[in-house]
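Residue numbers (UniProt numbering): 1 to 344. Okay, so here's the structure we're looking at.
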Amino acid sequence: MDGADTARRRPTITDVARLAGVSPQTVSRYLRFKGGLKPATLERVEKAIRELDYRPNLVARSMRTRKTGRLAILMPAMAFNPSRMLAGAGATAQDAGFFVDVVSAGGGVRARSDRLLELADSGQYEGILSLAPVLPAVESKLHQRTTVVISADFDDEMRGIGQLADATPLVRMIEHLAALGHSRFLHVAGDAQFASARARKQSYLETVERLGVESVGVFDGDWSGESGIEAIRSLPSHARPTAVIAANDLVAAGVVRGARERGWDVPGDLSVTGWDNAGVGQFMTPSLTTVDVELEQLGSTAMAKLIAGLRDSAPETREGSLFRIIWRESTAEPPATGRLSRRR
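Structure follows, in structure tokens:
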């Protein structure tokens with residue numbers, strides 16, 4: 001069969017194998033899981049797939065193998081934007097040859113648990129990734145139905161726990177600013193219902209004490225820009241910080257606004273840090289020092305764990321932190337004492 005014939009019909013695994021110079025079993029193995037193939041073989045198979053624009057026929061595969069080739073991601077209906085985490089999970093699933101459905105479950109943990117059991121019993125999905133916990137009694141039943149991975153990074157209200165509550169970057173930012181000469185700090189905290197907010201507040205207090213620098217206070221905020229503005233407005237003139245560690249980028253933007261209302265220059269009079277690397281931060285004036293959270297990596301790792309469970313293999317270990325500090329224009333050396341005293 002020549003190339004013109006192949007172009008007129010949907011290419012098959014046999015066509016890919018012929019073009020790559022390997023067996024159909026090798027191509028099938030590649031589509032199931034790339035591990036164990038030699039790099040040269042991987043390259044030939046991938047090149048053949050691209051040239052033929054090959055796409056697996058999931059209906060035929062399902063009839064042949066009794067596997068659907070589909071995975072589900074279950075997430076509660078909530079306000080937080082999960083797009084980056086879903087993008088990482090989806091890309092990993094696609095690379096492994098799976099299609100992904102995102103399923104939203106309203107209500108509390110009971111409703112979410114019932115929905116998870118419904119999905120597991122539907123026969124539509126080979127595996128399910130749940131981004132929030134379910135009832136322990138339900139979790140214990142799931143292994144009898146299908147492969148399920150429940151993320152350990154969010155609590156029942158989709159508030160970050162585990163890795164996402166790690167406050168190490170906040171410690172590193174305070175240490176860096178102290179090394180620049182900053183000696184008076186303020187922390188505008190997030191909502192105390194969040195483990196991440198509590199961890200950052202505790203780490204802030206411990207770090208300023210360890211470094212021997214002064215804390216002019218902790219303002220208990222709520223992740224909003226308004227709390228950043230109010231934190232600066234409420235400062236008495238005799239308790240001025242030279243650096244503010246804000247709970248997130250929105251709070252930091254409020255801090256910058258509040259500083260300008262008081263005639264303080266950022267970073268000339270006041271250095272400000274945020275968290276989350278919100279897109280607008282790099283376009284602020286000044287651009288905002290922040291912490292980037294690798295949510296794509298988090299989603300990818302969770303999905304890789306699910307796929308490894310389906311294939312009875314060990315998930316790939318991924319080294320490195322989820323966090324990266326991005327130093328921008330909103331942080332600098334502290335102002336001279338004389339200049340600071342002239343500002344209100």
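Glycine residues also receive a C-beta, built at the ideal position from the N, C-alpha and C atoms.
- For a cut-off of 8 Å, the C-beta gap from Gln202 to Leu322 is around 19 Å, too long to register as a contact.
- About 14 Å separates the Cβ atoms of Glu209 and Arg184, ruling out a contact at the 8 Å cut-off.
- Three or more Cβ pairs closer than 8 Å define a contact, and the stretch 261–277 meets that threshold against the stretch 285–294.
- In this chain, the beta strand (DSSP E) harbouring Asp101 covers Phe99 to Ala105.
- Nearest to Asp166 by alpha-carbon distance, out of Phe194, Ser23, Val188 and Ser140, is Phe194.
- In the three-state reduction of the DSSP assignment, Asp191 falls in the coil class.
- Contact annotation: the stretch 221–228 touches the stretch 249–269, with at least three C-beta pairs closer than 8 Å.
- Taking 7 Å as the cut-off, the Cβ atoms of Val171 and Thr207 count as close.
- Judged by DSSP secondary structure, Val134 falls outside any beta strand (DSSP E); it is assigned neither H nor E.
- A distance of 7 Å or more separates the beta carbons of Val188 and Gly217.
- Of the other Cβ atoms in all chains shown, fewer than 16 fall within 10 Å of the Cβ of Glu261; this residue is therefore exposed.
- Taking each of Val293, Leu31, Pro39 and Lys38 in turn and checking the Cα distance to Ile49, the smallest one comes out for Leu31.
- The C-beta of Val134 has 16 or more other C-beta atoms within 10 Å across all chains shown, which makes the residue buried.
- Put simply, the backbone Cα of Asp15 is about 59 Å away from that of Ala192.
- The Cβ neighbour count for Thr285, taken over all protein chains shown within 10 Å, is under 16; the residue is labelled exposed.
- At a Cβ-Cβ threshold of 7 Å, Leu142 and Met303 do not count as neighbours.
- Put simply, the backbone Cα of Lys305 is about 12 Å away from that of Ala96.
- Fully contained in the stretch 185–264 are the following alpha helix (DSSP H) runs of length 4 or more, in chain order: 195–211, 225–233 and 249–261.
- Ranked by Cα distance from Met75, the first of Thr301, Leu180, Ile325 and Ile150 is Ile150.
- Just so you know, the alpha carbons of Thr92 and Ala314 end up roughly 15 Å apart.
- The DSSP-derived three-state label of Asp292 is strand.
- Excluding the 5 residues flanking it on each side, His238 has no same chain C-beta neighbour closer than 8 Å.
- In the assembly as shown, Glu118 is an exposed residue. Its beta-carbon has fewer than 16 other beta-carbons within 10 Å.
- The beta carbons of Leu298 and Met85 sit about 6 Å from each other, so the pair counts as a contact at 8 Å.
- Closest option to Leu250, judged by alpha-carbon separation, among Arg240, Ala259 and Ile229: Ile229.
- In this structure, DSSP gives Met75 an extended state, which the three-state scheme calls strand.
- Annotation: Phe283 to Pro241 spans about 25 Å, alpha carbon to alpha carbon.
- As far as DSSP is concerned, Phe283 takes part in no beta bridge.
- In the assembly as shown, Trp327 is an exposed residue. Its beta-carbon has fewer than 16 other beta-carbons within 10 Å.
- For Ser130, the enclosing beta strand (DSSP E) starts and ends at Gly127 to Ser130.
- When the beta-carbon positions are compared, Pro11 and Tyr54 come within less than 7 Å of each other.
- Sequence-distant Cβ neighbours of Ala278 in its own chain, meaning closer than 6 Å and more than five residues away, are Asp249.
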